[in-house]
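Chemist: In my numbering, the protein residues as written are 73 to 168. All residues carry an ideal CB built from backbone N, CA and C; glycine is no exception.
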């Protein structure tokens, strides 16, 4: 039995119950791309659809927070790291 798959489903169901804000989704994506990765991995790890992912990646790339190379490998930039660090600190300040 593939327990990782079951665990992913449980997490996904929990995320579905709790609607995430745009900022939370951006933080999740930036956290994932701290190490260079591909579109599919980001989509599955962030639990968003391909169309949603494309919109977020376009936004993040346009604002200089990530780079996407010709092979569709995604990597956070130094500006993205600064954004993520700041957003994480703010999130910690208002944790529920």
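Thinking just about the alpha-carbon of each residue, which of 93, 97, 96, 105 is nearest to the one in residue 139?
Modeler: Cα-wise, what sits closest to residue 139 is 105.
Chemist: Going by beta-carbon coordinates alone, are residue 44 and residue 102 separated by less than 7 Å?
Modeler: Only positions 73 to 168 of the chain appear in the structure, and residue 44 is not among them; the question remains open.
Chemist: How long is the line joining the alpha carbons of residue 113 and residue 167, rounded to whole angstroms?
Modeler: When rounded, the distance between both Cα atoms is 27 Å.
Chemist: Tell me where the beta strand (DSSP E) around residue 139 begins and ends.
Modeler: Taken as a continuous stretch (DSSP letters only), the beta strand (DSSP E) holding residue 139 covers 138 to 140.
Chemist: Between which two residues does the beta strand (DSSP E) holding residue 146 run?
Modeler: First-last of the beta strand (DSSP E) with residue 146: 145 to 148.
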